[in-house]
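> Numbering (our numbering), first residue to last: 119 to 425.
From the three backbone atoms N, C-alpha and C, an ideal C-beta is built for every residue, glycine too.
In this text the structure is predicted, and so the values were computed from the model without any measurement.
Mind having a look at this structure? Questions to follow.
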Amino acid sequence: MIQRIRDACHTCEDQQEQGLFAWHGFEINTPPTWELGSYHGGYSSGDATLDDGVSPRLHLTWRTASRRRSPIERMLAKIKKAHRKRWGRNASFEVISAVPTCPEGQSQRYVRSSTPEASGLAWWCRACGRSGVVEEYHSRDNPSSSASPILDSFRDHRDDGTRLWSAYGLSFELPTTYLECRPSLSAGRLRFQLLASARNWCVVERWAMASVHLRRLPLNKWPAELAARVSPKLGPLTLDERATVLQYPAIHFKTSRARVGAAIPWLHTPTEGLLWQRPESDKLLAVITHGPACDLLHSIAAGVRTI
Ligand SMILES: [Zn+2]
């Protein structure tokens, strides 16, 4: 399935955002051929693996940590113990330098010999209240060394109140209040739902092969279909086909005022969206907002980047 998502991505001409992986506040620059292979968990704890199409190349794991005391020493001891248990007492494990990845925390780099060799970064952030490990796996053409531009590029949070999401060449930014992410990443279709609460959320979607989808359903019929997926009870939508997102013609749609005042409490909350096509990369993009997120609709849409 992952390979099919990649194939869909690689048909595009503009590859500007490839090589950036951003997930639950983490940002890391990787070679353009590395892509997300698996992911679990959420903001508080989880893991993600990037691979180069053949082997795993990067593994991130994170968890909630004390904001007062650094767990770095304990984490390193645990990694070293597990490494020697697996590879023998003489397996090399070298702590090589302390790289400040974050002014609010601590981090420590290491290199371990095994198959494959790996460079690691153990980090802790007092501001996020999280700690974790990033490991880069080396191959024969990319042997381990004390320098690792990939690990050096790792950031665990931004300082401007925003969080970037970026995978498979799709990236967008949201305020940090949208903490919970429900991704649904399948072949040809990426969907991220980011929630601040049950009545304040945003969906960012991308379809590959837009021309094929548009033969089935013209663009101005899509808002009703999208809204029906959000809730079959949203009712008729008001469409404005003169909207734009950056330089692209777009359709702006929203729930009608009559429905927003309806008796079902959930429907008091407005839903609003933007839908546009990127003909040069044959993609369809949509941002759908619900509740207070509607105020951010245009700025979120203008910030969506895709290959
Ligand atoms: Zn942090």
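Measuring only from the beta carbon, is Ala245 closer than 6 Å to any heavy atom that is part of ligand 1?
True, at least one ligand heavy atom lies under 6 Å from that Cβ.
> When DSSP labels each residue in this structure, what does Asn208 get in the three-state scheme?
If DSSP states are grouped into helix, strand and coil, Asn208 belongs with coil.
> Gly379 by DSSP, collapsed to three states: which one?
Note that Gly379 has pLDDT 49, beneath the 50 cutoff, so the model's placement of it is unreliable and the number below is only indicative. Three-state result, Gly379: coil.
> The beta strand (DSSP E) with Ala368 in it runs from where to where?
Element bounds for Ala368: Tyr366 to Thr373.
> On a Cα-Cα basis, can you pick out the residue from Leu332, Thr356 and Arg334 that is closest to Ala342?
The residue with the shortest Cα to Cα distance from Ala342 is Thr356.
> Going by C-alpha distance, which of Lys401, Ser231, Leu138 and Lys196 is nearest Leu154?
Nearest of Lys401, Ser231, Leu138 and Lys196 to Leu154, Cα basis: Leu138.
> Using only alpha-carbon positions, find the residue among Ile146, Arg175 and Ala411 that is nearest to Asn295.
Here residue 295 turns out to be Thr, not Asn, going by the sequence shown. The shortest C-alpha separation from Thr295 is found at Ala411.
> Which same chain residues, not among the five before or five after Glu145, have their C-beta less than 8 Å away from its C-beta?
The residues are Leu138, Phe139, Ser271, Phe272, Arg273, Arg276, Leu282 and Ser284.
> Secondary structure at Asp274, three-state DSSP: helix, strand or coil?
In this structure, Asp274 counts as coil in the three-state DSSP scheme.
> Buried or exposed, going by whether 16 or more other CB atoms sit within 10 Å of the CB of Glu254?
Glu254 comes out buried.
> Taking only the alpha-carbon atoms, compute the straight-line gap between Trp152 and Arg192 and give it to the nearest angstrom.
If I take the Cα positions, the gap works out to 30 Å.
> In terms of DSSP beta bridges, what is Tyr293 paired with?
For the sequence presented, residue 293 should be read as Pro rather than Tyr. In DSSP, Pro293 forms a bridge with Thr280.
> Exposed or buried, which one is Thr219 when buried takes at least 16 other CB atoms within 10 Å?
Buried, since its Cβ has 16 or more Cβ neighbours within 10 Å.
> Quick check: the Cα distance between Gly164 and Leu303, rounded to an integer number of angstroms?
Cα to Cα, the separation comes out at about 17 Å.
> Which term fits Thr129, buried or exposed, when burial requires 16 or more other beta carbons within 10 angstroms of its beta carbon?
With a pLDDT of only 37 at Thr129, under the threshold of 50, the placement of this residue in the model should not be trusted, and no figure is reported.
> Whose C-beta lies closer than 8 Å to the C-beta of Glu291 among residues of the same chain, with five residues either side of it excluded?
Hits under 8 Å: Thr280, Arg281, Leu282, Trp283, Ile418 and Gly421.
> Quick one: does the C-beta of His437 sit closer than 6 Å to a heavy atom of ligand 1?
Absent from the structure is residue 437, since the part of the chain shown begins at 119 and ends at 425.
> Kindly list the residues whose CB is nearer than 7 Å to the CB of Leu269, restricted to its own chain and excluding five residues on each side of it in sequence; keep chain order.
For Leu269, where only same-chain residues beyond five positions count, the Cβ hits under 7 Å are Arg227, Ser237, Leu239, Val252 and Glu254.
> Is Glu323 near Arg309, with beta carbons less than 7 Å apart?
Against a cut-off of 7 Å, the Cβ pair of Arg309 and Glu323 comes out as a contact.
> State the Cα-Cα distance for the pair Arg307 and Arg230, rounded to the nearest angstrom.
Distance between the alpha carbons of Arg307 and Arg230 is about 38 Å.
> Under three-state DSSP, which class holds Lys401?
In the structure shown, Lys401 sits in a strand (DSSP, three-state: E or B).
> Could you tell me if the beta carbon of Cys320 falls within a distance shorter than 6 Å of some heavy atom in ligand 1?
The answer is no for Cys320.
> Measure from the alpha carbon of Ser225 to the alpha carbon of each residue in Gln365, Trp241 and Pro397, then state which is nearest.
Selected option, being the one with the closest Cα: Trp241.
> In chain order, what are the residue ranges of uninterrupted beta strand (DSSP E) at least 3 long that sit wholly in the segment 325–369?
List check, beta strand (DSSP E) in window: 355–363.
> Which whole-angstrom value describes the C-beta separation of Trp180 and Gly250, a residue pair presumed to lie in contact below a C-beta threshold of 8 Å?
Going by Cβ atoms, the distance from Trp180 to Gly250 rounds to 3 Å, so yes, they are a contact pair.
> From Trp205 to Ser232, what does the alpha carbon distance come to, in whole angstroms?
For Trp205 and Ser232, the distance between alpha carbons rounds to 7 Å.
> Can you give the Cα-Cα distance for Ala265 and Leu194, rounded to whole angstroms?
Using only the alpha carbons, I get a separation of about 19 Å.
> Quick check on DSSP: helix, strand or coil for Gly250?
In the structure shown, Gly250 sits in a strand (DSSP, three-state: E or B).
> What does a CB cutoff of less than 8 Å around Ile369 pick up in its chain, not counting 5 residues either side in sequence?
Cβ neighbours of Ile369 beyond the five flanking positions: Leu337, Asn338, Trp340, Pro341, Leu357, Asp358, Glu359, Ala361, Leu392, Leu393 and Trp394.
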